[in-house]
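S.K.: Please find one structure pasted underneath; my questions will follow.
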Amino acid sequence: MYNNNNEQLIKYSKLCMIISGSWKLPLSNSRFSTNIYFCYSFLIQGLYYIFISALFIKFVQLILMRVELDIVIWSSSYLIAGLAGWIQISMFQRNKIPEMFQDIINLEKEIWLSVDDDVKALYLKKCVFCQKLILAIAGNTAFGVISFFAVSLKNFIESDHTAIKEDDPLYFFMYPVWLPYKEPKHITSAIFINAVFAFEGIVIYSVCHIIFATLMVYAATHLELLHVKINKLNWNSADGEERGFYNLREIAIEHSSLEKFIKNLNAKTKNVVLVDYILNSINVASISLKVINAETQSQLFSAIAYLMILVLHVFISGWLANEIKVQSLTTADALYQTNWYNQNEKMRRIFHITLMRSQRPLTISKGPFGEMNTETALTTLRVAYSYITLMQNYK
């Protein structure tokens, strides 16, 4: 049965996923509502695929027209960002990543039924943190895209319309997209279409990062909750060895289950992370070059807003992945600080097995190129700097 009382951690993530059509768990107990949402999901994601196709066709046209390199790079930056979102959302759905949110709901249900106030307090704190993080990701993306649209509209209003040729193939209101008519001649419909594409860009691009960020926050949070339980192990109580054995076994089972979740998440997302890392590196470099070579304040403002979206995403992903690794290694420290050495052989055996498992760091990797961490974000900026230096010397 559907129940939304166990969704505090994913409260805003779920809303964003519903808007993007990527929520795969039951929305309600009504079959009619489920069918309506399925149609909406097909429409919203179908429009995004049309957006990507229009960007790609226009990019090819610009290459065939042999326009200036700056224009091609500018067009490619939007195509790359669009492709990154398309690849992520497609692979997430194919690998059933959204369905992993059921684990979060199940954990939250257990927490509310728990009598441990410390666990509840820590979880509520992490819920607030996750909600603020999701608002930051969505807000940053919305600010960047809306700023770009506002600047484009301002430039159009202030421009000399008589100087714009009706058949000019290099005129774009906002996005460099292919339209089945001359854009300057039908500017009203072009503005409307760009507004729809801007909404698609905000929704799909932000939700890709929101899904991944939420699951990483959950993994790190669950590890922290496990530490609280470990620190409360009481093997000297009047309940005796039987109760202590039961508590240790429960922690061992919970740690094993969480380890499987993180490894499963990594297995399903490592290729997505790799593609996203490569495309982000290219995009940060090309947009940084656009910032340096901006000729007007409007171009500079829109380029900086776009760059903020990319850089924030890179640093958040690296930081959250690093947090999972740190918390996983801290589990071993928490276990070792208990009075395990005073227990019987049966308990020490379980303890040693759990301790050895917890000494292996749990990481999120970018394919075959190592783990993702805060260093990954710095590497992206180094790649951008190298690219900018190369292009500046080329000129």
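Take the sequence shown: its position 387, counting from 1, is numbered 1032 in the numbering used here, and each next residue is one higher. Virtual Cβ for every residue (Gly too), placed ideally from N, Cα, C.
How many Å lie between ILE756 and LYS877 at the Cα?
M.R.: On the sequence shown, residue 756 is found 111 positions in, with the first residue counted as 1. On the sequence shown, residue 877 is found 232 positions in, with the first residue counted as 1. Roughly 16 Å separates the two Cα atoms.
S.K.: Cutting at 8 Å between CB atoms, please list the residues of its own chain near ALA729, excluding the five before and the five after it.
M.R.: The residue labelled residue 729 in the question sits at position 84 within the sequence shown. So the list reads TYR850, CYS853, VAL920, ASP921, LEU924, ASN925 and ASN928, once near-sequence residues are dropped.
S.K.: Look at ARG1002 and GLU869 and say whether their C-beta atoms are less than 9 Å apart.
M.R.: Locating residue 1002 in the sequence shown gives position 357, where the first residue counts as 1. Locating residue 869 in the sequence shown gives position 224, where the first residue counts as 1. Cβ distance not < 9 Å, so ARG1002 and GLU869 don't count as in contact.
S.K.: Strictly by DSSP, which residues pair up with GLU1016?
M.R.: Numbered from its first residue, the sequence shown carries residue 1016 at position 371. Answer is SER1010, bridged to GLU1016.
S.K.: LYS935 and TRP668: beta carbons closer than 9 Å?
M.R.: Along the sequence shown, read from residue 1 onward, the residue named residue 935 stands at position 290. Along the sequence shown, read from residue 1 onward, the residue named residue 668 stands at position 23. Result no, Cβ atoms of LYS935 and TRP668 do not sit closer than 9 Å.
S.K.: For GLY963, which of LEU980, LEU670, ILE664 and MET861 has the nearest alpha-carbon?
M.R.: For the purposes of this step, residue 963 is taken as the residue at position 318 of the sequence shown. Ranking LEU980, LEU670, ILE664 and MET861 by Cα distance to GLY963 puts MET861 first.
S.K.: Got a sec? Which residues, its chain only, sit under 7 Å from ARG1027 by beta carbon, not counting five neighbours each side?
M.R.: Taking the sequence shown and counting its residues from 1, one reaches residue 1027 at position 382. So the list is empty, once near-sequence residues are dropped.
S.K.: So ILE1009 and GLU1020 are supposed to be a Cβ contact under 8 Å. How far apart are they, rounded?
M.R.: Here the question's residue 1009 lines up with position 364 in the sequence shown. Here the question's residue 1020 lines up with position 375 in the sequence shown. Wrong, their Cβ atoms sit about 13 Å apart, outside the cutoff.
S.K.: Distance, Cα to Cα, PHE597 vs GLY846?
M.R.: The displayed coordinates of the chain run from 646 to 1040. Any statement about residue 597 would go beyond what the structure contains.
S.K.: With a threshold of 7 Å on Cβ separation, who are the neighbours of ILE954 within its own chain once the five nearest residues in sequence on each side are excluded?
M.R.: Position 309 of the sequence shown, counted from the start, is the residue given in the question as residue 954. Excluding sequence neighbours, ILE954 sits near ASN785, THR786 and GLY789.
S.K.: Does chain D have any CB closer than 9 Å to the CB of ILE708?
M.R.: Within the model displayed, chain D is absent; a lone protein chain is all it includes.
S.K.: Apart from the five residues just before and just after ARG994, which ones in its own chain have a Cβ nearer than 8 Å to its Cβ?
M.R.: For this step, residue 994 is matched to residue 349 along the sequence shown. Excluding sequence neighbours, ARG994 sits near nothing in its chain.
S.K.: So, using beta-carbon positions, are SER933 and TYR1030 closer together than 9 Å?
M.R.: Position 288 of the sequence shown, counted from the first residue, corresponds to residue 933. Position 385 of the sequence shown, counted from the first residue, corresponds to residue 1030. Yes, they are a contact pair.
S.K.: Check whether the Cβ atoms of MET819 and ILE836 lie closer than 9 Å to each other.
M.R.: Here residue 819 refers to the residue found at position 174 of the sequence shown. Here residue 836 refers to the residue found at position 191 of the sequence shown. Result yes, Cβ atoms of MET819 and ILE836 sit closer than 9 Å.
S.K.: What first and last residue would you give for the alpha helix (DSSP H) that runs through TYR816?
M.R.: Within the sequence shown, residue 816 is the residue found at index 171, counting from 1. Here TYR816 belongs to no alpha helix (DSSP H), and DSSP marks it neither H nor E.
S.K.: Span of the alpha helix (DSSP H) holding TYR986?
M.R.: Counting from one through the sequence shown, the residue named residue 986 turns up at place 341. Neither: TYR986 is in no alpha helix (DSSP H) and is coded neither H nor E.
S.K.: Taking DSSP as the reference, what is the three-state secondary structure of LEU824?
M.R.: Stepping through the sequence shown from its first residue, residue 824 is reached at position 179. Reduced to three states, the DSSP call for LEU824 is coil.
S.K.: Can you name the start and end residues of the alpha helix (DSSP H) that GLN690 belongs to?
M.R.: Start at 1 with the first residue of the sequence shown, and residue 690 comes out as number 45. 676-709 is the span of the alpha helix (DSSP H), which, as asked, contains GLN690.
S.K.: Taking MET992 as part of the alpha helix (DSSP H), name the residues at either end of that continuous run.
M.R.: Reading the sequence shown from its first residue, position 347 is the one you call residue 992. It spans 990-1003 - the alpha helix (DSSP H) in which MET992 sits, taken as one unbroken run.
S.K.: For LEU957, collect the residues of the same chain with a Cβ closer than 8 Å to its Cβ; drop the 5 residues on either side in sequence, then sort them by chain order.
M.R.: Here residue 957 refers to the residue found at position 312 of the sequence shown. Here the set comprises ALA781, ILE782 and ASN785.
S.K.: Could you spell out the range, first to last residue, of the alpha helix (DSSP H) harbouring TRP719?
M.R.: Locating residue 719 in the sequence shown gives position 74, counting from the first residue. TRP719 -> alpha helix (DSSP H) spans 714-739.
S.K.: Could you work out which residue in LEU952, GLN1004 and ALA858 is closest to LYS777 when comparing CA atoms only?
M.R.: Position 132 of the sequence shown, counting from 1, holds the residue named residue 777. It is ALA858 whose Cα lies nearest to the Cα of LYS777.
S.K.: Are three or more beta carbon pairs between the segment 732-749 and the segment 900-915 nearer than 8 Å?
M.R.: Counting Cβ pairs under 8 Å, three or more are found: they touch.
S.K.: For PRO1006, count neighbouring C-beta atoms within 10 Å of its own C-beta (all shown protein chains included) and say buried if the count is 16 or more, exposed if not.
M.R.: Looking up residue 1006 in the sequence shown gives position 361. That one is exposed.
S.K.: So is VAL760 buried or exposed if we call it buried at 16+ other beta carbons inside 10 Å?
M.R.: Residue mapping note: residue 760 aligns to position 115 of the sequence shown, counting from 1. So VAL760 counts as exposed.
S.K.: Please state whether the Cβ-Cβ distance between ILE998 and ILE907 is less than 9 Å.
M.R.: The sequence position of residue 998 within the sequence shown is 353, counting from 1. The sequence position of residue 907 within the sequence shown is 262, counting from 1. Result no, Cβ atoms of ILE998 and ILE907 do not sit closer than 9 Å.
S.K.: Whose C-beta lies closer than 7 Å to the C-beta of ILE655 among residues of the same chain, with five residues either side of it excluded?
M.R.: In the sequence shown, residue 655 corresponds to position 10, counting from 1. Contacts found: PHE746, ILE749 and THR859.
S.K.: For MET662, count the other beta carbons within 10 Å of its own beta carbon; 16 or more makes it buried, fewer makes it exposed. Which is it?
M.R.: In the sequence shown, the residue the question calls residue 662 occupies position 17. By the neighbour-count rule (16 or more Cβ atoms within 10 Å), MET662 is buried.
S.K.: Taking the alpha-carbon of ASN651 as reference, which of LEU758, SER973, ALA897 and ILE702 has the nearest alpha-carbon?
M.R.: The residue you call residue 651 lines up with position 6 of the sequence shown. For the residues LEU758, SER973, ALA897 and ILE702, the minimum Cα distance to ASN651 belongs to LEU758.
S.K.: Which residue from PRO1013, GLN988 and ALA865 puts its Cα closest to that of THR621?
M.R.: Because the chain is modelled from 646 through 1040, residue 621 falls outside the range shown and cannot be assessed.
S.K.: When the Cα atoms are used, what is the spatial distance from ALA883 to LEU752?
M.R.: Start at 1 with the first residue of the sequence shown, and residue 883 comes out as number 238. Start at 1 with the first residue of the sequence shown, and residue 752 comes out as number 107. Annotation note: pLDDT 49 at ALA883 (below 50); position unreliable, coordinate value reported separately. Going from the Cα of ALA883 to the Cα of LEU752 covers about 29 Å.
S.K.: Which of the three DSSP states, helix, strand or coil, is assigned to GLY666?
M.R.: Position 21 of the sequence shown holds residue 666. It is coil, neither helix nor strand.
S.K.: By alpha-carbon positions, which one of PHE996, TRP823 and GLN690 ends up nearest to PHE890?
M.R.: Position 245 of the sequence shown holds residue 890. Taking only the C-alpha atoms, the option nearest PHE890 is PHE996.
S.K.: Check for me: the alpha helix (DSSP H) holding ASN938 runs from which residue to which?
M.R.: Working through the sequence shown from its first residue, we reach residue 938 at position 293. Counting along the chain, ASN938 falls outside any alpha helix (DSSP H), and DSSP gives it neither H nor E.
S.K.: On the three-state DSSP scale, how would you describe LYS754?
M.R.: Taking the sequence shown and counting its residues from 1, the one referred to as residue 754 is at position 109. In this structure, LYS754 counts as helix in the three-state DSSP scheme.
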